[in-house]
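Chains as they are written, first to last, in my numbering: chain A, 431 to 680; chain B, 4 to 288. Glycine included, C-beta positions come from ideal geometry on N, C-alpha and C. Quick caveat, the model's predicted, so the values are computed rather than measured.
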């Protein structure tokens, strides 16, 4: 099974060629890390996987992206359904300015789940999966923005889990958090990969080494090297990869 | 060293010039308010609010005027609010950013500055004559709705623009459609700003006189309007009528009516300020 497969993906912002001929396959129930210096295209590629770039007017794409065997830029694809299946967690925790409960229930509401009991159960389950339930079970009606940054980010993960995705994209999910909250998020990622395919963009190379099974190194819009994380970090075959992970640039 | 002294001197001079400029504005306003209050406050009583207009100043009241103002306000709101909000949402969230959009944007900003009497002429031609509404509440409300539409559109757009993009992304990322995102997330987050704009727009409509005179609102309406096709008057027109009379007693009436009108606009502006503050507090991303 190949949940995510990109074939010769090229992305342009206007005349700016930001992704050059990217082809890679991501395995299911694994964590794949995208690393590389700022502006290398890793976030752009991540957002190509759930079509979040569609809102950028100058965005153009060539090549194909398959998720569960379906071309996600195909004419028949409903982008709302794609994004339900391919959830996303953002760099800065961005809970809705509503209650904790409403945050998790939002996805259920927009996808048409109306049965209250079912919604309650799904909210509880999602919060448990995101390791947040014990901290918020008595304050579900409180505003989500009153939570700490780390809790907010786990709430965002719970919110994503609630609509039962198969893939979760994470765009530097811990870069705005303190070390303790970061550790919790990493632990969570480790647990979630049993059920989900996780793709994470990170600037933190130790983080990539800790959480991921496979690592892709991007540089100047190109996919330089893609291999098992242990290989990338101990025995990279490309000089640029080695220079980057040893901190010689970037 | 002496240059520091000069600089400081300039600094303190400017401070006092600034204080003087501010005071001029405040003092003029205070004198005006004090004058009006002294003259009119004693005239305000229950009878003044509930009496029909009369040729005798001491018996004349503002019942038709303030009910007319209330009618106009309500009708204008019903017409202008949905139109303004929808147009604002379209322009900000749906419209693509091309040359045409820029042109429309520029025009709306310009429309907000068109003298109100021009709207009156427009209303006279379209609503009074073409649609045959006559000099009715409905014609007046449509005219004022046109007048405040640009203000509501601009306020809506500004409020939507202030909603951070991360909120849109969060919603789209969950698989929400554009409309779901707008309805469940963006509009609630922007509601304070939108409401503020609406109230400021309506408080402008309350004070308008010229366009209503043009479409044929009357100064003397001896009955309280009970449907939108009735003829009407409003507070500013009543005031205008009274101050143009020679008798001293009518000037007192005018002062009293001005106090009522000011009170209405102050209350509306107060609500707007309150909402804006609450909104800004609520949105702390």
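How many whole angstroms separate the CB atoms of residue i and residue j, which I take to be in contact at a CB cut-off of 8 Å?
{"i": "residue 637 (chain A)", "j": "residue 591 (chain A)", "result": "No, residue 637 (chain A) and residue 591 (chain A) are not in contact; Cβ-Cβ is about 21 Å, not under 8 Å."}
{"i": "residue 84 (chain B)", "j": "residue 201 (chain B)", "result": "6 Å"}
{"i": "residue 525 (chain A)", "j": "residue 574 (chain A)", "result": "4 Å"}
{"i": "residue 122 (chain B)", "j": "residue 150 (chain B)", "result": "4 Å"}
{"i": "residue 53 (chain B)", "j": "residue 64 (chain B)", "result": "6 Å"}
{"i": "residue 74 (chain B)", "j": "residue 228 (chain B)", "result": "6 Å"}
{"i": "residue 580 (chain A)", "j": "residue 614 (chain A)", "result": "6 Å"}
{"i": "residue 516 (chain A)", "j": "residue 479 (chain A)", "result": "6 Å"}
{"i": "residue 494 (chain A)", "j": "residue 501 (chain A)", "result": "5 Å"}
{"i": "residue 169 (chain B)", "j": "residue 522 (chain A)", "result": "6 Å"}
{"i": "residue 671 (chain A)", "j": "residue 647 (chain A)", "result": "5 Å"}
In chain order, what residues of the same chain lie with their CB nearer than 7 Å to the CB of residue i, ignoring the 5 residues before and after it?
{"i": "residue 639 (chain A)", "result": "659, 663"}
{"i": "residue 433 (chain A)", "result": "456, 458, 497, 498, 596, 597, 627"}
{"i": "residue 234 (chain B)", "result": "138, 139, 221, 224"}
{"i": "residue 288 (chain B)", "result": "Bear in mind that the predicted position of residue 288 (chain B) carries a pLDDT of just 47, short of 50, making it too unreliable to give a figure here."}
{"i": "residue 253 (chain B)", "result": "60, 245"}
{"i": "residue 274 (chain B)", "result": "202"}
{"i": "residue 143 (chain B)", "result": "75, 215, 218, 220, 235"}
{"i": "residue 2 (chain B)", "result": "Absent from the structure is residue 2 (chain B), since the part of chain B shown begins at 4 and ends at 288."}
{"i": "residue 124 (chain B)", "result": "217"}
With DSSP run on the structure shown, which of helix, strand or coil describes residue i?
{"i": "residue 543 (chain A)", "result": "coil"}
{"i": "residue 663 (chain A)", "result": "helix"}
{"i": "residue 237 (chain B)", "result": "coil"}
{"i": "residue 490 (chain A)", "result": "strand"}
{"i": "residue 644 (chain A)", "result": "strand"}
{"i": "residue 568 (chain A)", "result": "coil"}
{"i": "residue 650 (chain A)", "result": "coil"}
{"i": "residue 152 (chain B)", "result": "helix"}
{"i": "residue 599 (chain A)", "result": "strand"}
{"i": "residue 99 (chain B)", "result": "coil"}
{"i": "residue 229 (chain B)", "result": "coil"}
{"i": "residue 65 (chain B)", "result": "coil"}
{"i": "residue 253 (chain B)", "result": "helix"}
{"i": "residue 287 (chain B)", "result": "No answer about residue 287 (chain B) holds up, because its pLDDT of 48 lies below 50 and its placement is not dependable."}
{"i": "residue 139 (chain B)", "result": "strand"}
{"i": "residue 272 (chain B)", "result": "helix"}
{"i": "residue 134 (chain B)", "result": "coil"}
{"i": "residue 242 (chain B)", "result": "helix"}
{"i": "residue 496 (chain A)", "result": "strand"}
{"i": "residue 211 (chain B)", "result": "coil"}
{"i": "residue 105 (chain B)", "result": "helix"}
{"i": "residue 657 (chain A)", "result": "strand"}
{"i": "residue 617 (chain A)", "result": "helix"}
{"i": "residue 637 (chain A)", "result": "helix"}
{"i": "residue 282 (chain B)", "result": "helix"}
{"i": "residue 529 (chain A)", "result": "strand"}
{"i": "residue 548 (chain A)", "result": "helix"}
For the beta strand (DSSP E) containing residue i, name the first residue and the last one.
{"i": "residue 574 (chain A)", "result": "Here residue 574 (chain A) belongs to no beta strand (DSSP E), and DSSP marks it neither H nor E."}
{"i": "residue 518 (chain A)", "result": "516-519"}
{"i": "residue 170 (chain B)", "result": "Note, residue 170 (chain B): premise wrong, no beta strand (DSSP E); alpha helix (DSSP H) at 168-176."}
{"i": "residue 450 (chain A)", "result": "446-456"}
{"i": "residue 627 (chain A)", "result": "627-631"}
{"i": "residue 441 (chain A)", "result": "434-443"}
{"i": "residue 463 (chain A)", "result": "461-465"}
Within the same chain, show all residues whose beta-carbon is closer than 8 Å to that of residue i, passing over the 5 residues directly before and after it, in chain order.
{"i": "residue 657 (chain A)", "result": "644, 645, 666, 667"}
{"i": "residue 625 (chain A)", "result": "459"}
{"i": "residue 392 (chain A)", "result": "With chain A covering only 431 through 680, there is no way to say anything about residue 392 (chain A)."}
{"i": "residue 161 (chain B)", "result": "196, 200"}
So, for residue i: in the same chain, excluding its five sequence neighbours on each side, which residues have a beta-carbon less than 6 Å away from its beta-carbon?
{"i": "residue 587 (chain A)", "result": "519, 560"}
{"i": "residue 148 (chain B)", "result": "79, 82, 83"}
{"i": "residue 547 (chain A)", "result": "none"}
{"i": "residue 673 (chain A)", "result": "679"}
{"i": "residue 534 (chain A)", "result": "553, 556, 588, 589, 592"}
How far does the alpha helix (DSSP H) with residue i in it extend, from its first residue to its last?
{"i": "residue 477 (chain A)", "result": "472-478"}
{"i": "residue 674 (chain A)", "result": "669-675"}
{"i": "residue 31 (chain B)", "result": "5-43"}
{"i": "residue 51 (chain B)", "result": "49-53"}
{"i": "residue 223 (chain B)", "result": "Neither: residue 223 (chain B) is in no alpha helix (DSSP H) and is coded neither H nor E."}
{"i": "residue 590 (chain A)", "result": "579-592"}
{"i": "residue 94 (chain B)", "result": "Unbroken run through residue 94 (chain B): none, as it is neither H nor E."}
{"i": "residue 126 (chain B)", "result": "119-126"}
Exercise for the section: Could you list the residues in the segment 157-171 of chain B with a C-beta less than 7 Å from some C-beta on chain A, going in chain order? Expected result: 169, 170
Exercise for the section: May I ask you to list, following chain order, the residues of the segment 582-609 of chain A that have a beta carbon less than 8 Å from some beta carbon of chain B? Expected result: 586, 589, 590, 593
Handout entry: Contact set between the segment 464-486 of chain A and chain B, restricted to residues whose Cβ is under 8 Å from the partner
Key = 480, 482, 485
Practice task
Using a Cβ-Cβ cut-off of less than 7 Å, give me the residues of the segment 488-516 of chain A that come near chain B, in sequence order.
Solution key: 510, 511, 513, 514
Practice task
Determine which residues of the segment 173-186 of chain B have a Cβ less than 8 Å from any Cβ of chain A, and write them out in chain order.
Solution key: 173, 174, 175, 176, 177, 178, 179, 180, 183
Handout entry: Contact residues within the segment 629-643 of chain A, judged by C-beta distance below 8 Å to chain B
Key = none
Problem - chain A contacts made by the segment 189-212 of chain B, where a contact means CB separation under 9 Å - result: 191, 192
Handout entry: Cβ-based contacts, 8 Å cut-off: residues of the segment 538-549 of chain A near chain B
Key = 539, 540, 541
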